[in-house]
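S.K.: In the numbering used here, the protein residues as written are 3 to 118.
Each residue gets a CB set at the ideal place from its N, CA and C atoms; glycine is no exception.
1. Ignore the nearest five residues each way along the sequence and tell me which others in residue 28's own chain have a CB closer than 8 Å to its CB.
2. Return the Cβ separation of residue 64 and residue 72 in integer angstroms, given the expectation that the two are a contact with Cβ distance under 8 Å.
3. How would you write the range of the alpha helix (DSSP H) that residue 37 sits in, first residue to last?
4. Tell me whether the segment 79-96 and the segment 37-52 touch, counting them as touching only if at least three CB pairs, one residue from each stretch, are closer than 8 Å.
5. For residue 55, which residues does DSSP report across the bridge?
6. Going by DSSP, name the residue or residues bridged to residue 97.
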């Protein structure tokens, strides 16, 4: 995973995990890698991964079973909400970028239609 120096690493990892859940790379109820395992894979400090898992737990995207590990939520409603949240973020980035380029709403819609 390549990290952007302008965004905190833990936020980038959270977004990556959320995306993996939405696209089904991580399945509902699946056990997440251990903190040390994921830290080693991503070459980051284990404290960073601990923070990631705490934030995901707080958002109810994952849950932790004491002594067993961290698991992806089994709540379909939570996963659907997550998908909606990520799609809004993508759309907002697109609209902001197009506005910076001077596109009107109508021009944005026409450009999208060309690609769909």
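M.R.: Straight from the coordinates:
1. 19, 22, 34 and 74, listed in sequence order.
2. By a beta-carbon distance limit of 8 Å, residue 64 contacts residue 72. Their separation comes to about 5 Å.
3. Start and end: 37-44.
4. Short answer: they don't touch.
5. Residue 55 is not bridged to any residue.
6. In DSSP, residue 97 forms no bridge with anything.
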